[in-house]
Structure formats: structure tokens, C-alpha cells
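In this note's numbering, the protein residues as written are 120 to 240.
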């Protein structure tokens, strides 16, 4: 299991605490320091079953600066969004957990974090 975090984010810290409380083994990826590639983002979106605009922090000043509100959300423009996220990882919603079973979740709530925890044995 891997969790993409921004250490300054309270939701990221909450997700980490929950994983620790559950005794879950995980790897931390500080995605601002180690930005994902466009290929990694495409794979992540497939696992999340979401589109790039679904995981974009559109309320960020940088999103306004880039004019994301006016970008098409048509499948033909998907690559443009993915490239923007790769170039500006601060626009990626957080935290994101990729589980060993292939699932993934934007883990902004305790319920979302728990949804990818391994079943108790």
C-alpha cells in the first residue's frame, strides 16, 4: 500500500494516523517532492476509476492562474489535464492511497481510508 501525501495537509496526517492505528504497512510518497509522471497518473486514474479533473484541486490559486475552470472535460482533453497535474502536482487531490489489491481511493475521509484496508485475518 502506498499513500501520496503533502505533510502540511491535515487530511493526510489524519489518514496516516488511521493507517498507523490499524497497524497497516504502507509506503509514503511525498508527491510534491517526488511528482508522478503522466504514465503514473494515467495508471492511478484507471485504479481510481476517475478522470483527471475529478482529482484536481480546482480551488487552488494555481488552478485559477492556469484557467482550469475553462478547460474542457471532454475525454479528448484528458491528456492535457494529466500533463497539467504532472507539471503542477500541488493541484492533485490528497491524500491518495493505492492498495496492494489494485484498488485506490482519494482518502479524504476515515471511511475512504478504511475502504482499502486489508480484511482482518
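Here a beta-carbon is modelled for each residue, glycine too, at the ideal position from N, C-alpha and C.
| task | Name the residue from 163, 143, 123, 127 whose alpha carbon lies nearest to the alpha carbon of residue 221. | result | Residue 163 is the option with its Cα nearest to residue 221.
| Distance, Cα to Cα, residue 230 vs residue 206? | 30 Å
| message | Since residue 155 and residue 197 should fall inside the 8 Å C-beta cutoff, what is the C-beta to C-beta distance between them, to a whole number of angstroms? | response | Actually they are not in contact, since the Cβ atoms of residue 155 and residue 197 sit about 15 Å apart, beyond 8 Å.
| Taking DSSP as the reference, what is the three-state secondary structure of residue 217? | strand
| task | Could you tell me the distance, in whole angstroms, from the CA atom of residue 144 to the CA atom of residue 217? | result | 12 Å
| message | How far does the alpha helix (DSSP H) with residue 200 in it extend, from its first residue to its last? | response | It spans 197 to 206 - the alpha helix (DSSP H) in which residue 200 sits, taken as one unbroken run.
| field | Contact under 8 Å by Cβ, residue 179 with residue 210 | value | yes
| request: Measure the C-alpha to C-alpha separation of residue 223 and residue 134 and round it to an integer number of angstroms. | output: 14 Å
| said: If you follow the beta strand (DSSP E) that residue 232 is in, where does it begin and where does it stop? | reply: Not the beta strand (DSSP E): residue 232 falls in the alpha helix (DSSP H), residues 229 to 234.
| said: Assuming contact is defined by CB atoms lying nearer than 8 Å, are residue 123 and residue 213 in contact in what I supplied? | reply: yes
| Residue closest to residue 136, alpha-carbon to alpha-carbon, out of 237, 225, 232, 238 | 232
| Nearest-angstrom Cα distance between residue 153 and residue 191? | 28 Å
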